[in-house]
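Q: Mapping of the sequence shown onto my numbering: residues 185 to 435, in sequence order.
Quick one: the structure is below, questions incoming.
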Amino acid sequence: MPTALIPLSTADSRGARYLLLPPAGGTLRAFGPLAGQARADVWGVEYPGHGDQLAEAPATSLEDLGAQLAQEVTRDWFSRTVVIGFGMGAFVALETAQRLGVAPGAFIVADACAPQRRSPDMHAKTAASAMGRVFGRTGLTPVAGYRDAPERWEYALDLLLGDLQLLNAYRGPARTRLSCPIAAMRGIDDPAFASGDDATGGWRVWTSGPFVGRVVPGGHLGVLETGREAEFWARIHRLEAAFLDVEPEVA
Numbered sequence: 185m186p187t188a189l190i191p192l193s194t195a196d197s198r199g200a201r202y203l204l205l206p207p208a209g210g211t212l213r214a215f216g217p218l219a220g221q222a223r224a225d226v227w228g229v230e231y232p233g234h235g236d237q238l239a240e241a242p243a244t245s246l247e248d249l250g251a252q253l254a255q256e257v258t259r260d261w262f263s264r265t266v267v268i269g270f271g272m273g274a275f276v277a278l279e280t281a282q283r284l285g286v287a288p289g290a291f292i293v294a295d296a297c298a299p300q301r302r303s304p305d306m307h308a309k310t311a312a313s314a315m316g317r318v319f320g321r322t323g324l325t326p327v328a329g330y331r332d333a334p335e336r337w338e339y340a341l342d343l344l345l346g347d348l349q350l351l352n353a354y355r356g357p358a359r360t361r362l363s364c365p366i367a368a369m370r371g372i373d374d375p376a377f378a379s380g381d382d383a384t385g386g387w388r389v390w391t392s393g394p395f396v397g398r399v400v401p402g403g404h405l406g407v408l409e410t411g412r413e414a415e416f417w418a419r420i421h422r423l424e425a426a427f428l429d430v431e432p433e434v435a
């Protein structure tokens, strides 16, 4: 049940390196256009049972995903990498850091509720047809790249529902804070959050380093919408610059 760590783009520079972790139902197919606009080294994680790892048995828990990824990266590599977790990918990143015993160079969270503010089992009784209606709305892209291919929509929904089961069972990581900068952003029209603070201020307690929270235009995972790639990276670079202006928390 291995994860696959895959290079998505390379750049002839010694700039930042990014690791992208997909949301529930996501595959690296959604990150292709995004990586192409990065002008940096970008890596992605393909979860077992997803995308090019379809032949592998799906993970049984988010903890397992974190453990698998921790076996594929070194502490030094991880500590020099900006990790970007989309939705469920944020929790996989936390689990990976816990097992490696080291924080990434920086941690950016996109549309993920802070662990202590999650509502486990919220999707436990959601049927596939209902999920299709919810995540088929404009601005919602948890299965980006499949909405316009009806013959693959069922496959995408299966991935999504399987991952939601992992989220439902997940009770959160051990409360060990990271030391790296954390930025958390959510879409202003994201229906997944009852309170705007869920994905911003709620993540503050997870680091002793600088923290930045942002509310951005769009819906759930709208930052992955086609055509917004350059905008996404510009926003990431602004967040990185903002870290320099924030005083870390005094222990």
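Positions of the beta carbon are idealized from the N, C-alpha and C atoms, including for glycine.
These figures come from a predicted structure and were not determined experimentally.
In angstroms with no decimal places, state the Cα-to-Cα distance between alanine 281 and aspartate 373.
A: A straight line joining the alpha-carbon of alanine 281 with that of aspartate 373 spans about 30 angstroms.
Q: Over what stretch of residues does the alpha helix (DSSP H) that includes valine 389 continue unbroken?
A: It is not in any alpha helix (DSSP H) - valine 389 carries neither H nor E in the DSSP assignment.
Q: Assign threonine 360 to one of two classes, buried (16 or more other C-beta atoms within 10 Å of its C-beta) or exposed (fewer than that).
A: Burial call: exposed.
Q: Is phenylalanine 416 buried or exposed, if buried means 16 or more other CB atoms sit within 10 Å of its CB?
A: buried
Q: Does DSSP put valine 407 in a helix, in a strand, or in coil?
A: helix
Q: With a cut-off of 8 angstroms on the beta carbons, I'd call valine 286 and leucine 205 a contact; round off their distance for me.
A: Actually they are not in contact, since the Cβ atoms of valine 286 and leucine 205 sit about 17 angstroms apart, beyond 8 angstroms.
Q: Quick check on proline 191: buried or exposed, where buried means 16 or more other Cβ atoms within 10 Å of its Cβ?
A: exposed
Q: In terms of residues, what are the limits of the alpha helix (DSSP H) holding arginine 213?
A: No alpha helix (DSSP H) contains arginine 213, which DSSP labels as neither H nor E.
Q: Is it true that the CB of tryptophan 390 sits closer than 8 angstroms to the CB of isoleucine 366?
A: Their beta carbons are under 8 angstroms apart, which means isoleucine 366 touches tryptophan 390 by this criterion.
Q: Could you please give the first and the last residue of the uninterrupted beta strand (DSSP E) stretch that includes serine 193?
A: Residue range 188-193 is occupied by the beta strand (DSSP E) that includes serine 193.
Q: Relative to the C-alpha of glycine 406, which residue among Ser193, Ala214, Gln349 is closest?
A: Ala214
Q: Where does the unbroken alpha helix (DSSP H) through isoleucine 268 begin, and where does it stop?
A: Taken as a continuous stretch (DSSP letters only), isoleucine 268 belongs to no alpha helix (DSSP H), being part of the beta strand (DSSP E) at 265-270.
Q: Would you mind working out which of His404, Leu189, Leu428, Asp429 sits nearest cysteine 297, comparing C-alpha positions?
A: His404
Q: Starting from glutamate 424, follow the alpha helix (DSSP H) in both directions and report where the run begins and ends.
A: Its alpha helix (DSSP H) spans residues 413-427.
Q: According to DSSP, is valine 226 part of a helix, a strand, or is it coil?
A: Correct three-state label for valine 226: strand.
Q: How many Å lie between glutamate 256 and leucine 246 at the Cα?
A: When only Cα atoms are considered, glutamate 256 and leucine 246 end up about 16 angstroms apart.
Q: Does alanine 296 come out as helix, strand or coil in the three-state DSSP assignment?
A: coil
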